[in-house]
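Reminder that position 177 of the sequence shown reads as 177 in UniProt numbering, one-by-one numbering, no gaps.
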Amino acid sequence: MKRFVILGLPRSGSTYLMTLLNAHRDVICTGEQFNPYAVISDGPPDDSHDAVMGRDRDPVAHMKAVFDQAEIKGVACGGFKYMIGHNIKILQEIASDPEIAIINIWRENKLAQVSSLIKAANNKKWAQTKADDHVTRKIVATPRQISHRWHEYATFDHLIAMWLDGLPNPKVRFEYREMFRDGFEDGLCDFLGVARQKRLKSPLVKQSSNAILDRFEDPNPIRYYFTQAGLAHWLEDEL
């Protein structure tokens, strides 16, 4: 069985990618196995002491068990999501095992990414399958708050790209918008070495407006700051 990880930052599209992969009959992709607060597999998060402590005593053994469980189910590819802030021993283990494939997902429009982060964090709603009032709820945020997170996330993406360049592992980088273009699913299947499958579809709905400024309670300071900073293109529709 081919082993893989999705590597990305919050609000990069990693959950959408995970659910898209799980729509393939020959792929299993579990969630944030190394989230500091819970073990997130393919069901409700398990934040029990036994689950978290059992994982953290031997994180590498836990990762191997995740792969073994997928292989027992007879799929061709098994993986999970890994994000910055998860167990560093897993990142080190991935780097020492050149057979683990890496799918890195990143998002060029950091204003879109950070505004999505602020909204999700404020409401503790990280993904959903049905539209509701949360989708149209406005964000209260200042340009400096966004700038703080934007530069932080841009730095992480830069360092991840440099780290990936030095690895022998099979790897591919996708920018957020690529996932919504024709042919993306075929390229993803080709990378994982599984048969192309028609009608791969994620059940998730988008949680914010594509019109970036529409996301904000007061868009004027956001418009001014990003225009002055030479980033007016981030104010345009992302998709």
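Note that beta-carbon positions come from the ideal geometry of N, C-alpha and C, so glycine has one too. In this text, all values refer to a predicted model and were calculated from it rather than measured experimentally.
For GLN197, same chain residues with a beta-carbon under 6 Å away, outside a window of 5 residues either side, are HIS24 in chain order.
Annotation: the continuous beta strand (DSSP E) that includes LYS171 extends over 171-175.
Under the DSSP definition of a beta bridge, TRP106 partners with GLU175. ALA101 sits in a strand when the DSSP states are folded into three classes. Between LEU7 and the set ILE212, ARG181, ILE105, the nearest pair of CA atoms involves ILE105.
Taken through DSSP and simplified to helix, strand or coil, LEU213 comes out as helix.
Separation of the CB atoms of VAL172 and ILE103 is rounded to 6 Å, and the pair is thereby assigned contact status at 8 Å. Beyond the five residues adjoining it in sequence on each side, ASP237 comes within less than 6 Å, by CB distance, of ASN210, ALA211 in the same chain, given in chain order. The residue from PRO44, ALA229, ASN87, VAL75 with its alpha-carbon nearest to that of ASP58 is ASN87. Residue burial annotation: HIS62 is buried, with at least 16 other C-beta atoms found within 10 angstroms of its C-beta. Using a Cβ distance threshold of 8 Å, PRO36 and GLY79 do not count as a contacting pair.
If you draw a straight line from the Cα of GLN145 to the Cα of TYR225, it is about 12 Å long. Listed in chain order, the non-local C-beta contacts of MET179 below 7 Å within the same chain comprise GLY13, TYR16, LEU17, local neighbours out to five positions each way being set aside. Assignment of GLY8 by DSSP, reduced to helix, strand and coil, places it in the strand class. Note that the C-beta distance between VAL75 and VAL5 is not below 8 Å. In the three-state DSSP reduction, GLY54 falls in the helix class (H, G or I).
Sequence-distant partners of ASP46 (beyond 5 residues in either direction) whose C-beta falls short of 7 Å from its own C-beta, in its chain, are ALA38, VAL39. Ranking GLY31, THR142, HIS151 by CA distance to the CA of TYR82 puts GLY31 first. One thing to note: GLU217 has its Cβ within 8 Å of the Cβ of VAL140. Closest in alpha carbon position to GLU108, among ILE118, THR155, ALA70, ASP97, is THR155. Scanning its chain for C-beta atoms nearer than 6 Å, with the 5 sequence neighbours on each side dropped, one finds around TRP150 the residues LYS110, VAL114, in chain order. Per DSSP, the unbroken alpha helix (DSSP H) holding VAL60 starts and ends at 59-72. Residue pairing by DSSP places GLY78 opposite ARG3, ILE28 in a beta bridge.
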